[in-house]
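Numbering (UniProt numbering), first residue to last: 1 to 316.
All residues carry an ideal CB built from backbone N, CA and C; glycine is no exception.
Working notes, structure below.
Next up, the structure:
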(Lines of atoms letter the chains of each structure in order from A and count residues from 1; the text may use other names and numbers.)
(Lines give C-alpha, C1' and ligand atoms only; values in the text may rest on other atoms or scores of the structure.)
Protein backbone atom coordinates (compact mmCIF):
# COMPACT_ATOMS: atom_id res chain seq x y z
CA UNK A 1 0.00 0.00 0.00
CA UNK A 2 1.37 3.42 -0.93
CA UNK A 3 1.87 6.29 1.49
CA UNK A 4 -1.03 8.19 -0.11
CA UNK A 5 -3.46 5.31 0.47
CA UNK A 6 -2.31 4.88 4.06
CA UNK A 7 -2.64 8.59 4.74
CA UNK A 8 -6.15 8.68 3.25
CA UNK A 9 -7.20 5.73 5.39
CA UNK A 10 -5.86 7.39 8.51
CA UNK A 11 -7.63 10.65 7.70
CA UNK A 12 -10.89 8.76 7.08
CA UNK A 13 -10.94 6.77 10.29
CA UNK A 14 -9.62 9.53 12.57
CA UNK A 15 -11.42 12.69 11.53
CA UNK A 16 -12.10 14.07 15.00
CA UNK A 17 -8.89 15.87 15.90
CA UNK A 18 -5.17 15.65 16.25
CA UNK A 19 -4.14 14.89 19.81
CA UNK A 20 -5.90 13.78 22.95
CA UNK A 21 -4.63 13.69 26.52
CA UNK A 22 -4.32 10.33 28.24
CA UNK A 23 -3.02 9.51 31.71
CA UNK A 24 0.66 10.32 31.71
CA UNK A 25 1.17 11.22 28.03
CA UNK A 26 -0.25 12.65 24.82
CA UNK A 27 -1.00 10.48 21.81
CA UNK A 28 -1.70 11.71 18.33
CA UNK A 29 -4.82 10.36 16.71
CA UNK A 30 -2.85 10.51 13.51
CA UNK A 31 0.20 9.02 15.14
CA UNK A 32 0.44 6.15 12.66
CA UNK A 33 0.24 8.61 9.80
CA UNK A 34 2.95 10.76 11.31
CA UNK A 35 4.96 7.60 11.86
CA UNK A 36 4.71 6.87 8.15
CA UNK A 37 5.90 10.41 7.45
CA UNK A 38 8.88 10.00 9.75
CA UNK A 39 9.74 6.64 8.24
CA UNK A 40 9.58 7.98 4.70
CA UNK A 41 11.73 11.00 5.51
CA UNK A 42 14.12 9.03 7.71
CA UNK A 43 14.70 12.12 9.83
CA UNK A 44 14.27 12.73 13.52
CA UNK A 45 11.56 15.14 14.74
CA UNK A 46 14.19 17.75 15.62
CA UNK A 47 15.81 17.45 12.18
CA UNK A 48 12.44 17.93 10.47
CA UNK A 49 11.58 20.93 12.63
CA UNK A 50 14.97 22.50 11.94
CA UNK A 51 14.49 21.92 8.21
CA UNK A 52 11.11 23.66 8.33
CA UNK A 53 12.55 26.60 10.24
CA UNK A 54 15.43 27.03 7.78
CA UNK A 55 13.46 26.14 4.62
CA UNK A 56 15.78 23.21 3.96
CA UNK A 57 14.00 21.67 0.97
CA UNK A 58 16.45 18.78 0.76
CA UNK A 59 15.15 17.28 4.00
CA UNK A 60 11.37 17.66 3.60
CA UNK A 61 8.74 16.68 1.07
CA UNK A 62 5.42 18.03 -0.14
CA UNK A 63 3.64 15.07 1.47
CA UNK A 64 5.20 15.89 4.83
CA UNK A 65 4.27 19.57 4.66
CA UNK A 66 0.72 18.82 3.47
CA UNK A 67 0.25 16.32 6.28
CA UNK A 68 1.48 18.76 8.91
CA UNK A 69 -0.70 21.62 7.63
CA UNK A 70 -3.77 19.42 7.59
CA UNK A 71 -3.29 17.97 11.05
CA UNK A 72 -1.51 20.68 12.99
CA UNK A 73 -2.92 20.81 16.57
CA UNK A 74 -5.51 23.46 17.35
CA UNK A 75 -4.90 26.15 19.99
CA UNK A 76 -6.38 24.12 22.85
CA UNK A 77 -4.27 21.11 21.95
CA UNK A 78 -1.16 23.25 21.64
CA UNK A 79 -1.76 24.74 25.09
CA UNK A 80 -2.30 21.29 26.55
CA UNK A 81 0.87 19.98 24.96
CA UNK A 82 2.96 22.94 26.13
CA UNK A 83 1.64 22.63 29.68
CA UNK A 84 2.21 18.91 29.85
CA UNK A 85 4.56 17.94 32.72
CA UNK A 86 6.07 15.20 30.54
CA UNK A 87 9.68 15.76 29.56
CA UNK A 88 9.95 16.24 25.80
CA UNK A 89 12.58 13.51 25.62
CA UNK A 90 9.93 11.04 26.78
CA UNK A 91 7.41 11.99 24.10
CA UNK A 92 6.73 9.58 21.27
CA UNK A 93 8.35 10.54 17.94
CA UNK A 94 5.05 11.84 16.57
CA UNK A 95 4.30 13.88 19.69
CA UNK A 96 7.86 15.17 19.68
CA UNK A 97 7.53 16.18 16.03
CA UNK A 98 4.53 18.42 16.72
CA UNK A 99 6.10 19.70 19.92
CA UNK A 100 9.19 20.83 18.02
CA UNK A 101 7.19 22.38 15.17
CA UNK A 102 5.00 24.54 17.39
CA UNK A 103 8.15 26.03 18.93
CA UNK A 104 9.10 27.50 15.55
CA UNK A 105 8.21 31.21 15.17
CA UNK A 106 5.47 31.68 12.55
CA UNK A 107 5.41 27.94 11.87
CA UNK A 108 2.15 28.04 9.86
CA UNK A 109 3.51 30.77 7.59
CA UNK A 110 6.65 28.71 7.09
CA UNK A 111 4.68 25.56 6.31
CA UNK A 112 2.48 27.36 3.78
CA UNK A 113 5.56 28.93 2.19
CA UNK A 114 7.13 25.50 1.83
CA UNK A 115 3.93 24.05 0.41
CA UNK A 116 3.76 26.79 -2.22
CA UNK A 117 7.42 26.34 -3.13
CA UNK A 118 7.21 22.55 -3.36
CA UNK A 119 4.07 22.53 -5.53
CA UNK A 120 4.65 25.61 -7.68
CA UNK A 121 6.53 23.95 -10.55
CA UNK A 122 4.08 21.06 -10.85
CA UNK A 123 1.08 23.39 -10.73
CA UNK A 124 2.55 25.59 -13.47
CA UNK A 125 3.39 22.53 -15.56
CA UNK A 126 -0.18 21.24 -15.24
CA UNK A 127 -1.68 24.58 -16.27
CA UNK A 128 0.69 24.86 -19.24
CA UNK A 129 -0.16 21.36 -20.47
CA UNK A 130 -3.90 21.95 -20.18
CA UNK A 131 -3.70 25.29 -21.96
CA UNK A 132 -1.58 23.67 -24.69
CA UNK A 133 -4.30 21.08 -25.32
CA UNK A 134 -7.00 23.76 -25.52
CA UNK A 135 -4.82 25.84 -27.86
CA UNK A 136 -4.08 22.95 -30.19
CA UNK A 137 -7.73 21.83 -30.29
CA UNK A 138 -8.94 25.38 -30.98
CA UNK A 139 -6.48 25.81 -33.86
CA UNK A 140 -7.38 22.43 -35.32
CA UNK A 141 -11.14 23.02 -35.33
CA UNK A 142 -10.77 26.55 -36.69
CA UNK A 143 -8.45 25.56 -39.54
CA UNK A 144 -9.64 22.05 -40.41
CA UNK A 145 -10.98 21.75 -43.96
CA UNK A 146 -12.37 18.35 -43.06
CA UNK A 147 -14.53 19.84 -40.31
CA UNK A 148 -15.93 22.37 -42.78
CA UNK A 149 -16.79 19.63 -45.30
CA UNK A 150 -18.37 17.49 -42.59
CA UNK A 151 -20.56 20.36 -41.39
CA UNK A 152 -21.64 21.12 -44.96
CA UNK A 153 -22.69 17.48 -45.43
CA UNK A 154 -24.59 17.45 -42.14
CA UNK A 155 -26.36 20.68 -43.05
CA UNK A 156 -27.35 19.39 -46.50
CA UNK A 157 -28.72 16.16 -45.00
CA UNK A 158 -30.71 18.02 -42.35
CA UNK A 159 -32.14 20.37 -44.97
CA UNK A 160 -33.04 17.42 -47.18
CA UNK A 161 -34.90 15.50 -44.49
CA UNK A 162 -36.38 18.62 -42.94
CA UNK A 163 -40.10 18.89 -43.70
CA UNK A 164 -40.10 22.70 -43.72
CA UNK A 165 -39.49 24.40 -47.09
CA UNK A 166 -36.94 26.91 -45.78
CA UNK A 167 -33.31 25.90 -45.44
CA UNK A 168 -32.16 25.85 -41.86
CA UNK A 169 -29.02 27.31 -40.32
CA UNK A 170 -26.80 24.70 -38.68
CA UNK A 171 -26.27 25.51 -35.00
CA UNK A 172 -24.05 23.92 -32.38
CA UNK A 173 -27.24 22.80 -30.68
CA UNK A 174 -28.03 20.82 -33.86
CA UNK A 175 -24.57 19.27 -33.75
CA UNK A 176 -24.98 18.29 -30.12
CA UNK A 177 -28.06 16.24 -31.06
CA UNK A 178 -27.39 15.12 -34.62
CA UNK A 179 -25.91 11.74 -33.71
CA UNK A 180 -29.26 10.88 -32.04
CA UNK A 181 -31.47 12.11 -34.89
CA UNK A 182 -33.25 9.72 -37.29
CA UNK A 183 -35.30 10.20 -40.42
CA UNK A 184 -39.04 10.36 -39.76
CA UNK A 185 -40.07 7.64 -42.22
CA UNK A 186 -37.36 4.97 -42.20
CA UNK A 187 -35.87 5.83 -38.80
CA UNK A 188 -32.42 5.80 -40.35
CA UNK A 189 -29.82 7.55 -38.17
CA UNK A 190 -28.83 10.87 -39.72
CA UNK A 191 -25.15 10.14 -39.10
CA UNK A 192 -25.46 6.92 -41.13
CA UNK A 193 -26.50 9.01 -44.11
CA UNK A 194 -23.74 11.53 -43.40
CA UNK A 195 -21.20 8.71 -43.14
CA UNK A 196 -22.28 7.19 -46.47
CA UNK A 197 -22.04 10.52 -48.29
CA UNK A 198 -18.65 11.16 -46.68
CA UNK A 199 -17.36 7.74 -47.73
CA UNK A 200 -18.61 8.12 -51.28
CA UNK A 201 -17.56 11.71 -51.92
CA UNK A 202 -15.08 12.82 -49.24
CA UNK A 203 -13.25 9.80 -47.76
CA UNK A 204 -10.49 12.16 -46.62
CA UNK A 205 -12.78 13.13 -43.72
CA UNK A 206 -11.60 9.88 -42.15
CA UNK A 207 -8.51 11.82 -41.07
CA UNK A 208 -10.66 13.57 -38.46
CA UNK A 209 -10.52 10.45 -36.34
CA UNK A 210 -6.74 10.80 -36.12
CA UNK A 211 -7.29 14.00 -34.14
CA UNK A 212 -10.02 12.58 -31.93
CA UNK A 213 -7.77 12.16 -28.88
CA UNK A 214 -6.85 15.85 -29.05
CA UNK A 215 -10.50 16.96 -29.18
CA UNK A 216 -11.47 14.46 -26.49
CA UNK A 217 -8.69 15.70 -24.18
CA UNK A 218 -9.77 19.30 -24.76
CA UNK A 219 -13.36 18.39 -23.91
CA UNK A 220 -12.12 17.12 -20.55
CA UNK A 221 -9.96 20.19 -19.85
CA UNK A 222 -12.59 22.64 -21.02
CA UNK A 223 -14.92 24.20 -19.91
CA UNK A 224 -13.71 23.85 -16.33
CA UNK A 225 -10.17 25.10 -16.85
CA UNK A 226 -10.78 27.74 -19.49
CA UNK A 227 -12.81 29.69 -16.94
CA UNK A 228 -10.76 28.80 -13.87
CA UNK A 229 -7.18 29.08 -15.11
CA UNK A 230 -7.16 32.85 -14.69
CA UNK A 231 -8.49 32.49 -11.16
CA UNK A 232 -5.82 29.87 -10.43
CA UNK A 233 -3.06 32.15 -11.69
CA UNK A 234 -4.41 35.10 -9.71
CA UNK A 235 -4.49 32.94 -6.59
CA UNK A 236 -0.86 31.95 -7.14
CA UNK A 237 0.06 35.62 -7.54
CA UNK A 238 -1.73 36.44 -4.31
CA UNK A 239 0.07 33.64 -2.48
CA UNK A 240 3.48 34.78 -3.72
CA UNK A 241 2.73 38.35 -2.62
CA UNK A 242 1.60 37.09 0.77
CA UNK A 243 4.79 35.08 1.18
CA UNK A 244 6.79 38.17 0.23
CA UNK A 245 5.23 39.94 3.22
CA UNK A 246 5.92 36.95 5.46
CA UNK A 247 9.59 37.11 4.53
CA UNK A 248 9.87 40.17 6.78
CA UNK A 249 9.07 37.86 9.71
CA UNK A 250 11.62 35.20 8.78
CA UNK A 251 15.37 35.17 8.91
CA UNK A 252 16.85 36.15 5.55
CA UNK A 253 16.72 33.19 3.16
CA UNK A 254 18.25 33.65 -0.28
CA UNK A 255 16.67 30.46 -1.69
CA UNK A 256 13.11 31.60 -0.97
CA UNK A 257 13.85 35.16 -2.05
CA UNK A 258 15.22 33.97 -5.40
CA UNK A 259 12.23 31.65 -5.79
CA UNK A 260 9.80 34.54 -5.26
CA UNK A 261 11.68 36.62 -7.81
CA UNK A 262 11.51 33.78 -10.35
CA UNK A 263 7.80 33.36 -9.57
CA UNK A 264 7.05 36.83 -10.88
CA UNK A 265 8.45 36.01 -14.32
CA UNK A 266 6.80 32.58 -14.43
CA UNK A 267 3.39 33.92 -13.43
CA UNK A 268 3.67 36.71 -15.99
CA UNK A 269 4.31 34.12 -18.72
CA UNK A 270 1.38 32.03 -17.47
CA UNK A 271 -0.88 35.09 -17.62
CA UNK A 272 0.19 35.83 -21.19
CA UNK A 273 -0.33 32.21 -22.21
CA UNK A 274 -3.76 32.21 -20.61
CA UNK A 275 -4.71 35.34 -22.59
CA UNK A 276 -3.54 33.67 -25.80
CA UNK A 277 -5.48 30.51 -24.92
CA UNK A 278 -8.65 32.37 -24.03
CA UNK A 279 -8.49 34.58 -27.14
CA UNK A 280 -7.91 31.55 -29.38
CA UNK A 281 -10.77 29.64 -27.80
CA UNK A 282 -13.16 32.60 -28.12
CA UNK A 283 -12.12 33.08 -31.75
CA UNK A 284 -12.82 29.43 -32.55
CA UNK A 285 -16.18 29.39 -30.78
CA UNK A 286 -17.30 32.60 -32.51
CA UNK A 287 -16.26 31.08 -35.85
CA UNK A 288 -18.92 28.41 -35.39
CA UNK A 289 -21.58 30.25 -33.42
CA UNK A 290 -22.66 33.51 -31.80
CA UNK A 291 -24.20 31.62 -28.89
CA UNK A 292 -22.02 32.31 -25.85
CA UNK A 293 -23.76 29.63 -23.78
CA UNK A 294 -22.49 26.86 -26.07
CA UNK A 295 -18.86 27.68 -25.27
CA UNK A 296 -19.16 25.65 -22.07
CA UNK A 297 -19.62 22.40 -24.01
CA UNK A 298 -17.98 23.39 -27.29
CA UNK A 299 -15.28 20.71 -27.49
CA UNK A 300 -17.65 18.05 -26.13
CA UNK A 301 -19.94 18.57 -29.14
CA UNK A 302 -17.14 17.65 -31.55
CA UNK A 303 -15.78 14.95 -29.24
CA UNK A 304 -19.18 13.22 -29.50
CA UNK A 305 -19.69 13.98 -33.20
CA UNK A 306 -16.45 12.60 -34.65
CA UNK A 307 -16.78 9.02 -33.25
CA UNK A 308 -20.30 8.78 -34.72
CA UNK A 309 -18.82 8.79 -38.23
CA UNK A 310 -18.80 5.31 -39.74
CA UNK A 311 -15.94 5.66 -42.17
CA UNK A 312 -14.53 3.03 -44.51
CA UNK A 313 -11.34 3.46 -46.49
CA UNK A 314 -11.54 2.90 -50.23
CA UNK A 315 -9.93 -0.32 -51.47
CA UNK A 316 -6.60 0.25 -53.20
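The closest CA to that of residue 254, considering only 56, 91, 42 and 81, is found on 56.
The distance from the Cβ of residue 141 to that of residue 154 is about 15 angstroms, inconsistent with a contact at the 8 angstroms cut-off.
Residue 212 and residue 78 have their C-alpha atoms some 55 angstroms from each other.
Pairing residue 117 with residue 301 gives a Cβ-Cβ distance that is not under 8 angstroms. Under the DSSP assignment, residue 284 falls in the alpha helix (DSSP H) whose first and last residues are 254-288. In this model, residue 278 and residue 111 are separated by some 34 angstroms (Cα to Cα). Within the model, the alpha-carbon separation for residue 214 versus residue 177 is close to 21 angstroms.
The three-state secondary structure of residue 73, taken from DSSP, is coil.
In this structure residue 74 is exposed. Its beta-carbon is surrounded by fewer than 16 other beta-carbon atoms within 10 angstroms. Between residue 133 and residue 217 the beta-carbon gap is near 5 angstroms, inside 8 angstroms, which marks them as a contact.
The C-beta distance from residue 62 to residue 115 rounds to 7 angstroms, short enough to meet the 8 angstroms contact threshold.
The alpha-carbon of residue 265 is positioned some 17 angstroms away from that of residue 126. Per DSSP, the beta bridge partners of residue 189 are 182. As the crow flies, the alpha-carbon of residue 286 is around 45 angstroms from that of residue 246. Cβ-Cβ separation between residue 289 and residue 172: approximately 5 angstroms, consistent with a contact (criterion under 8 angstroms). Residue 304 sits in a helix when the DSSP states are folded into three classes. Less than 8 angstroms separates the beta-carbon of residue 113 from that of residue 243. With contacts defined by Cβ atoms closer than 8 angstroms, residue 271 and residue 306 do not form a contacting pair. Per DSSP, residue 203 lies in no alpha helix (DSSP H) and is assigned neither H nor E.
For residue 48, the enclosing alpha helix (DSSP H) starts and ends at 45-54. Apart from sequence neighbours up to five positions away, the residues of its chain that approach residue 240 with a beta-carbon distance below 8 angstroms are 116, 260, 263, 264 and 267, ordered along the chain. Taking 8 angstroms as the cut-off, the Cβ atoms of residue 205 and residue 149 count as close. The alpha-carbon separation between residue 53 and residue 104 amounts to approximately 6 angstroms. A residue is called buried when at least 16 other Cβ atoms come within 10 angstroms of its Cβ; residue 101 meets this threshold and is buried. Assigned with DSSP and collapsed to three states, residue 250 falls in coil, not helix or strand. For residue 93, the enclosing alpha helix (DSSP H) has its first and last residue at 93-101.
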